[in-house]
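Enquirer: No gaps in the numbering here: position 112 of the first sequence is 112 in full-length UniProt numbering, and each next residue is one more.
C-beta atoms are modelled at their ideal positions from N, C-alpha and C, and glycine is treated no differently.
A quick note: this is a predicted structure, and the numbers were derived from the prediction, not measured.
Dropping a structure here in structure tokens format, bear with me for questions.
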Amino acid sequence: MSEPTPNDAQRELIEGTEGTYLVDAGPGTGKTFAVTRRYGRIVDRPETDPDDVLLATFTRSAATEMKERIVDRSAYGLRELADAPIRTFHSHCHELLQEHGYAAPAHLGIDERITGSTRILDDELIEAERFREFFGGFRDDHPEHADFYRVLSSPDELLDLIRELASKGVFPAADGWYRDGESHLDGDFEAFKERFDAANEPRNDGRKQSVLREDLSRFGRDKTYRPDAPSKSALRGGRGTKRLDDDVADAVFREDREALKAFVHDAYLGYLRFALRRNYLSFSFLQLFAFVLLCEDERVREAAAFEYVMVDEFQDTSEVQFKLALLLSATDNLCVVGDWKQSIYSFQYADVDNILEFEGRLDRFAADLNADADRVPFDSPDPTRIELRENYRSTASVIDLSERAVATPASSGETVEAPLDDVVELSANAAFDNTVIEGIRHEDEHEAVLSKVQEIVGNDDYAVEGEDGEPRPPEYGDVAVFTRTRDYGRELLEVAAEHDFPVAYDGGIELFRTDPAKLLLAWLRILDADAERGWAVVLERIGYAVDEIDHILETGSYPAGPAEFRDELRDLESVGAVARRVLDRYGFTGDVADVPLHTVQSVHDSTTATRGDLIRHIERGVETGGTVDVSASAGDDAVTVQTIHTAKGLEYPIVVMANMNEGRFPPRAGGSSVIQFRDPVGLRRRKVYSEDGAHPHVYDDWRYDVIRRCLPRGYDEERRLLYVAVTRAESHVVFAAGEDPNAFLDGLPVAVEEIDPRVEPLDRGEPTDADLPFAVTAPDGPIGHTPHSLIDESVFEDAGERPEPGPEADPETRGMDFGSRVHDFAEAYALGDDVTPSNDHERRIVELLDGLSGDLRVEEPVTLPVAVDDRRVTLSGIADLVRVTPDRVEVIDYKTDATRRAQAEYRKQLSVYYHVLDEWFADRPVETSLFYTSDGTRERIDPLPIEELQDLVRAAEAARD
DNA sequence: TTAAGGGACATTTTT
DNA sequence: TGTCCCTTAA
């Protein structure tokens, strides 16, 4: 590909190497191209080299890409740039601390040191674990903060607050708060008053009450305030009042919060010390100490500062990162590049105001840093603003759509205002514009998406630009399906797998929601307390039907195999060994198994965890969705499925924006937040513990109930997410919704069509499992059926007609409990263990087994993949005994209960087995029979043909719907 | 236009 | 658990 010539705006950026620049670089405007050119231009000068230029990126992959692109365009090779400061803020801080950081904590009055052995703790779940440990000790040592422990719903909440404070540059010191940190905690009354006044303005020329007063019409509903709170009418004024009194603003804002601040301070400082003593630094603390070091140590600052600083994806930086960029600048040659409309990382403390209010913040931050010393060279900064307006990626139609998307209300009542004036209009550069923008809708949303993709592939109506610039029909690889949530992506993958649809998933999977983690958790629960929740998972995995599991759980008579395994696990010393054995048992290897193992090990080693702790750790992982990165490829020509966040920076000819459904985010798990930090209000307590009178109680904070109604709330980031998604598209955009399209989709100029999803079976040239009647080695199909699940009545279908118990089947010896003991005995005997029969049932088993020759196998679950209406399903079954001789195969199922001759049911069970073995041993006949231990008789059972099993699946599913 | 009651709804993104 | 939407009454 030939290197393009820069356009005028790009040239201004490339050539303007001296001074301060803010570059508004929308999607597809050649930002990386211009930045790397600029970098090359600087370092190719004889007087500068890569060590003089800091290029800070947000992700590691972005740093790598930058390096590669620079190598293409400069005199430097990849090796020479290997150690060049082109890296993320985090890794640069790490580097800085390794070199100069030993005494950094001393600047906060902390005695502990950062040493060569201090590790970065990059797993947030593990950090949360450590924090809980810390907090447990802290509570014991600090009874004076008891009121706050009462109202804190969990330590996680406090850790969140600490992270947020760190991201804003608010740090604790041994004596009070570092620098002007406390003013952030107090908040800015003037700024609050502005918001308050805006919300308190009567509407309709004074005929209608203010938004704020209306909002407060439910003041106190479902709440309990302390007695000193004003009554609702005192707060709002009587009927007909249009606005709140001005002094309400004062009343809610000014409050004695010394104790609250002291609590947060002590916990924050204590945790810093704890981490250092434990020899680790979190991501947040890396930046914290780097900042402190650069601020306090002039010598280090001079040594670490760069001639040129460039920051990529500036919209994703946090407040403290902005300040770090200033401290790392030896001159005012600072260039930040970004696009506020693509700021979607607020949960990582990205602060969109860094870019939206760049000039103001630059002024303010520089002044703050220079208040007591001459630290940063931005005394009277006068940044040049460059706008890259030419879009090289998308058609004009797509660009237009994206600009509407970022202005679309998320609910009927919402109005979107500023900062939309700041949208820099882009002009398109595409060779042709045949853009299709459409919406589809069906309740089977996943199927709808897949069949839409199928319709698109090879369809000239959706032509995309080929290598030669000419239109060509699209392929699977041209299509990306975006989702907001990983869950949705995972569901889509599952449905795609049913149809053998070529999809590749890119991004994180929820480790704790995978089978290895679930089974590990199940076994830990079994070990801990023979917990039913654990057994249910284990038994289901083996293939027991729901009814059977219920029965086993009721009676507590677990099958022999798993019970023995449990005893074996009990003998193991460490939780790590247990994990290894469990994962081994199920054949989990490689990445999928390594990650849980690693997690188990690191949690265990570091915190002397008990089994109960580990169970809770995994449970929390399931709740919070700890993830591990995967990139599951499905060959070259496959649809990419990913979350919008992982798609950032990428581009695709065709984008399907899935899951455009209604859905607002409810309160977070674990209860409502107790302590919050939000500009401009500062630190707030949402609940108050009080021992007024005889009734200690956690009260709601009436002040905060007023304040939060003045805070901006809205869907700005959701809109930006949509913007990012749409602007990935080069040519076509399809929105897909289930039953209920959301307000975004309603608000966009897109016709939503109800479609009839039908995913056609694919002919991809090679036989797949779905083409075969069955394939023994195939993995489980997506829909599992056990024989028992194929009937809609009870398993014991003819229980109503059971004959009088015969002499062999007295109540003592009947039923599952007894049956399972016979089964255990039979298995042990068949395996050659030294066991002796203790009743007639077992004696008859001995007679049977002694009379059999050949290879005996016991209790082996099998799965039979079959196609039903072009969907692949899996039938699974377990037989008690398989006997293989050179000329035939026998499948025998023991029946201990003479009264339960549910042959129709047994027949299905054996049929599954029959078909699997018939495939395995294609050269000899397979016979299926039942052995009644009560009278020692055997009964041949004719297996059902596959067609009848398929019919049963259909019937079972129809019954289920 | 305001007040007040009640029901439906829904658990995210990851350096 | 908070929010939004709908209903009913004043």
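1. Output the distance between the C-alpha atoms of A251 and D156, rounded to the nearest integer angstrom.
2. In whole angstroms, what separates the C-alpha of A405 from that of V752?
3. Mind checking which residues open and close the alpha helix (DSSP H) that includes P741?
4. Can you tell me which residues form a DSSP beta bridge with L121?
5. Along the alpha helix (DSSP H) that carries K193, what are the first and last residues, could you check?
6. Take V151 and list the residues in its own chain whose beta-carbon comes closer than 6 Å to its own, dropping the five residues that flank it on each side.
7. With burial defined as no fewer than 16 other Cβ atoms inside 10 Å of the residue's Cβ, what is the status of S233: buried or exposed?
8. Strictly by DSSP, which residues pair up with T643?
9. With distances taken between CB atoms, is the gap from Q321 to F89 smaller than 7 Å?
10. Along the alpha helix (DSSP H) that carries F358, what are the first and last residues, could you check?
11. Along the chain, where does the beta strand (DSSP E) that runs through Q676 open and close?
12. Report yes or no: do the region 128-148 and the region 266-282 share at least 3 C-beta pairs separated by less than 8 Å?
13. Near A634, which residues of its chain fall below 7 Å by C-beta distance, leaving aside the five closest residues on each side in sequence?
14. State the DSSP-derived secondary structure class of D893, mapped to helix, strand or coil.
15. To the nearest angstrom, how far is it from the Cα of E957 to the Cα of P945?
16. Compute the distance between the beta-carbons of V873 and V953, then report whether it is under 7 Å.
17. Which of helix, strand or coil does DSSP assign to F219?
18. Taking the alpha carbon of A496 as the point to measure from, which residue in G238, L327 and E445 has its own alpha carbon closest?
19. Assign F347 to buried or exposed, taking buried as 16 or more other Cβ atoms, counted over all protein chains shown, within 10 Å of its Cβ.
20. Express the C-alpha separation of V538 and F825 in angstroms, rounding to a whole number.
21. Span of the alpha helix (DSSP H) holding C93?
22. Provide the residue span of the beta strand (DSSP E) that contains H697, from first to last.
23. In angstroms with no decimal places, state the Cα-to-Cα distance between Q98 and L286.
24. Quick check on DSSP: helix, strand or coil for G338?
25. Tell me where the beta strand (DSSP E) around residue 963 begins and ends.
26. At a cut of 8 Å, does the region 167-185 reach the region 105-117 through at least three beta carbon pairs?
27. Looking at the structure shown, is F378 part of a helix, part of a strand, or coil, going by DSSP?
28. Determine the direct distance from the alpha carbon of G877 to that of A522, and round the result to whole angstroms.
29. Measure the Cβ-Cβ separation of L910 and R883 and say whether it is below 7 Å.
30. What would DSSP say about A354, mapped onto helix, strand or coil?
31. From the DSSP output, in three-state form, read off V882 for me.
32. Suppose you measure from the CA of L848 to the CA of A658; what does that come to, to the nearest Å?
33. With 16 other CB atoms within 10 Å as the buried threshold, where does D478 fall?
34. Have a look at E905, D951, Q950 and E947 and flag the residue whose alpha-carbon is nearest the alpha-carbon of I941.
35. Taking buried to mean at least 16 other C-beta atoms within 10 Å of its own C-beta, is A249 buried or exposed?
36. Just the Cα atoms here: how many angstroms apart are P680 and S217?
Expert: Looking at the atomic coordinates:
1. By one-based count along the first sequence, residue 251 stands at place 251. By one-based count along the first sequence, residue 156 stands at place 156. Roughly 30 Å separates the two Cα atoms.
2. One-based indexing of the first sequence puts residue 405 at position 405. One-based indexing of the first sequence puts residue 752 at position 752. If you take the alpha carbons of A405 and V752, they lie about 15 Å apart.
3. Taking the first residue of the first sequence as 1, we reach residue 741 at position 741. Premise fails: P741 is in no alpha helix (DSSP H) and is neither H nor E.
4. Numbered from 1 along the first sequence, position 121 holds the residue referred to as residue 121. According to DSSP, L121 bridges with S282.
5. Taking the first sequence and counting its residues from 1, one reaches residue 193 at position 193. Where K193 is concerned, the enclosing alpha helix (DSSP H) stretches over F189 to A199.
6. Along the first sequence, read from residue 1 onward, the residue named residue 151 stands at position 151. Contacts found: V674, K687, Y689 and V698.
7. Indexing the first sequence from 1 puts residue 233 at position 233. Looking at its Cβ environment, which holds fewer than 16 other Cβ atoms inside 10 Å, S233 is exposed.
8. Start at 1 with the first residue of the first sequence, and residue 643 comes out as number 643. In DSSP, T643 forms a bridge with T483.
9. If you number the first sequence from 1, residue 321 lands on position 321. If you number the first sequence from 1, residue 89 lands on position 89. Yes, Cβ-Cβ distance for Q321 and F89 is below 7 Å.
10. Position 358 of the first sequence, counting from 1, holds the residue named residue 358. Per DSSP, F358 belongs to the alpha helix (DSSP H) from F358 to L369.
11. Start at 1 with the first residue of the first sequence, and residue 676 comes out as number 676. Here the beta strand (DSSP E) through Q676 covers I675 to R678.
12. yes
13. Taking the first residue of the first sequence as 1, we reach residue 634 at position 634. Its pLDDT being 47, under 50, A634 is placed unreliably by the model, and nothing is read from it.
14. By 1-based counting over the first sequence, the position of residue 893 is 893. In the structure shown, D893 sits in a strand (DSSP, three-state: E or B).
15. Working through the first sequence from its first residue, we reach residue 957 at position 957. Working through the first sequence from its first residue, we reach residue 945 at position 945. Going by the C-alpha atoms only, they are around 19 Å apart.
16. For the purposes of this step, residue 873 is taken as residue 873 along the first sequence, with counting starting at 1. For the purposes of this step, residue 953 is taken as residue 953 along the first sequence, with counting starting at 1. Yes; because the gap between Cβ atoms is below 7 Å, this pair is in contact.
17. Translated into positions along the first sequence, residue 219 becomes position 219. Of the three classes helix, strand and coil, the one that applies to F219 here is coil, per DSSP.
18. The count along the first sequence starts at 1 and reaches residue 496 at position 496. The candidate whose alpha carbon is nearest that of A496 is E445.
19. Residue mapping note: residue 347 aligns to position 347 of the first sequence, counting from 1. Counting Cβ neighbours within 10 Å, F347 comes out exposed, since fewer than 16 surround it.
20. Here residue 825 corresponds to residue number 825 of the first sequence, with the count starting at 1. Here residue 538 corresponds to residue number 538 of the first sequence, with the count starting at 1. Each residue's Cα considered, the two are about 21 Å apart.
21. Position 93 of the first sequence, counted from the start, is the residue given in the question as residue 93. C93 -> alpha helix (DSSP H) spans F89 to H100.
22. Along the first sequence, one-based indexing puts residue 697 at 697. H697 to D700 is the span of the beta strand (DSSP E), which, as asked, contains H697.
23. The residue you call residue 98 lines up with position 98 of the first sequence. The residue you call residue 286 lines up with position 286 of the first sequence. When rounded, the distance between both Cα atoms is 10 Å.
24. Taking the first sequence and counting its residues from 1, the one referred to as residue 338 is at position 338. If DSSP states are grouped into helix, strand and coil, G338 belongs with the strands.
25. Residue 963 is absent from the model: the chain starts at 1 and stops at 961.
26. yes
27. Position 378 of the first sequence, counting from 1, holds the residue named residue 378. Of the three classes helix, strand and coil, the one that applies to F378 here is coil, per DSSP.
28. Position 522 of the first sequence, counting from 1, holds the residue named residue 522. Position 877 of the first sequence, counting from 1, holds the residue named residue 877. Approximately 21 Å between the Cα atoms of the pair.
29. One-based indexing of the first sequence puts residue 910 at position 910. One-based indexing of the first sequence puts residue 883 at position 883. Taking 7 Å as the Cβ cut-off, L910 and R883 do not qualify as a contacting pair.
30. By 1-based counting over the first sequence, the position of residue 354 is 354. According to the sequence provided, residue 354 is Asn. The question's Ala does not apply to it. Of the three classes helix, strand and coil, the one that applies to N354 here is helix, per DSSP.
31. Taking the first residue of the first sequence as 1, we reach residue 882 at position 882. V882 falls in the strand class under three-state DSSP.
32. Mapped onto the first sequence, residue 848 falls at position 848. Mapped onto the first sequence, residue 658 falls at position 658. Going from the Cα of L848 to the Cα of A658 covers about 59 Å.
33. Indexing the first sequence from 1 puts residue 478 at position 478. When all chains shown are included, D478 counts as buried.
34. For the purposes of this step, residue 941 is taken as residue 941 along the first sequence, with counting starting at 1. For I941, the nearest C-alpha among the options comes from E905.
35. Position 249 of the first sequence, counting from 1, holds the residue named residue 249. Buried, because 16 or more other Cβ atoms sit within 10 Å of the Cβ of A249.
36. Here residue 680 refers to the residue found at position 680 of the first sequence. Here residue 217 refers to the residue found at position 217 of the first sequence. Whole-angstrom Cα-Cα distance: 24 Å.
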